[in-house]
Amino acid sequence: TQLLEQSPQFLSIQEGENLTVYCNSSSVFSSLQWYRQEPGEGPVLLVTVVTGGEVKKLKRLTFQFGDARKDSSLHITAAQPGDTGLYLCAGAPQGGSEKLVFGKGTKLTVNP
Amino acid sequence: GAVVSQHPSWVICKSGTSVKIECRSLDFQATTMFWYRQFPKQSLMLMATSNEGSKATYEQGVEKDKFLINHASLTLSTLTVTSAHPEDSSFYICSAADRGYEQYFGPGTRLTVT
Chain A
6 TQLLEQSPQF LSIQEGENLT VYCNSSSVFS SLQWYRQEPG EGPVLLVTVV
56 TGGEVKKLKR LTFQFGDARK DSSLHITAAQ PGDTGLYLCA GAPQGGSEKL
106 VFGKGTKLTV NP
Chain B
901 GAVVSQHPSW VICKSGTSVK IECRSLDFQA TTMFWYRQFP KQSLMLMATS
951 NEGSKATYEQ GVEKDKFLIN HASLTLSTLT VTSAHPEDSS FYICSAADRG
1001 YEQYFGPGTR LTVT
């Protein structure tokens, strides 16, 4: 069974601080997605990384896929209260499985 | 693009009744749809995978006779919770995927069984 270990589970920071969320696995994924979910809503896709070593930037968010495609990170610069939410990483296993493997999520709170 | 809707957004029902939740992909054809359940402050738990025109594949521990899934078309899948009980109260989320690996999620349905 493939697992994605996501850390930290909870993160509470002040506005303007930087933070990094990690997703690690011993398995290789063909791609990895990052989602953000707000209370009472469904997850919203932020980015998909496919190539080992790939780095994608979305405004203040930087996503990285490890060279071996086993891990990924999400870095937020100068966090804002609007960044508050549950961040989920999800990996697409190699072999063409349609099912995603989800991390347990990181609950981020950015205090004004 | 890639918009998925769910209906209803919330529902309250009495114990013993059945509830149907609809999931629609509005601007793309979904070859596969997924149904998840989410408990408070936790990640998503996959319940089943459904492909249009075929029987759903249920995850281990999910009762297929209790959670009936029908994938009638490439844009519609339904989840029916039969003979609902209070322990079925939860947040149910569907997602839809086209031929790629990305899943697009609906806004979720909050089910409360009294």
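Residue numbers (this note's numbering), protein chains in the order written: chain A, 6 to 117; chain B, 901 to 1014.
The beta carbon of each residue, even a glycine, is placed where N, CA and C say it ideally should be.
Keep in mind the model is a prediction, meaning the values are calculated, not measured.
- Residue 73 (chain A) and residue 102 (chain A) have their alpha carbons spaced roughly 19 Å apart.
- The distance from the Cβ of residue 944 (chain B) to that of residue 107 (chain A) is about 5 Å, consistent with a contact at the 8 Å cut-off.
- Annotation: residue 963 (chain B) has no Cβ neighbours in chain A at a cutoff of 9 Å; minimum Cβ distance is about 19 Å.
- Only those residues of the stretch 100–116 of chain A whose C-beta falls short of 8 Å from the nearest C-beta of chain B are listed: 103, 104, 105, 107, 108, 109, 110 and 112.
- In the same chain as residue 931 (chain B), and ignoring 5 residues on each side of it, the C-beta atoms closer than 8 Å to its own belong to 951, 952, 974, 997, 998 and 999, in chain order.
- 35, 36, 38, 40, 42, 45, 46, 47, 48 and 49: these are the residues of the stretch 27–49 of chain A whose beta carbon lies less than 9 Å from some beta carbon of chain B, given in chain order.
- Per DSSP, the unbroken beta strand (DSSP E) holding residue 996 (chain B) starts and ends at 990–997.
- DSSP, reduced to helix, strand and coil, places residue 87 (chain A) within a helical segment of the structure shown.
- Taking the Cβ atoms as the reference, residue 1014 (chain B) lies roughly 7 Å from residue 915 (chain B), within the contact range of under 8 Å.
- Separation of the CB atoms of residue 906 (chain B) and residue 1009 (chain B) is rounded to 5 Å, and the pair is thereby assigned contact status at 8 Å.
- Contact between residue 25 (chain A) and residue 77 (chain A) is absent: CB atoms are separated by about 11 Å, not below the 8 Å threshold.
- The distance from the Cβ of residue 935 (chain B) to that of residue 992 (chain B) is about 7 Å, consistent with a contact at the 8 Å cut-off.
- Look at residue 987 (chain B) here: in three-state DSSP terms it is helix.
- Here the stretch 973–987 of chain B does not lie against the stretch 85–104 of chain A, with fewer than 3 beta-carbon pairs under 8 Å apart.
- Per DSSP, residue 13 (chain A) has no beta-bridge partner at all.
- In its chain, beyond the 5 residues on either side, 11, 91, 92 and 93 have a beta carbon closer than 7 Å to the beta carbon of residue 110 (chain A).
- At a C-beta separation below 7 Å, residue 97 (chain A) has these neighbours in chain B: 1001.
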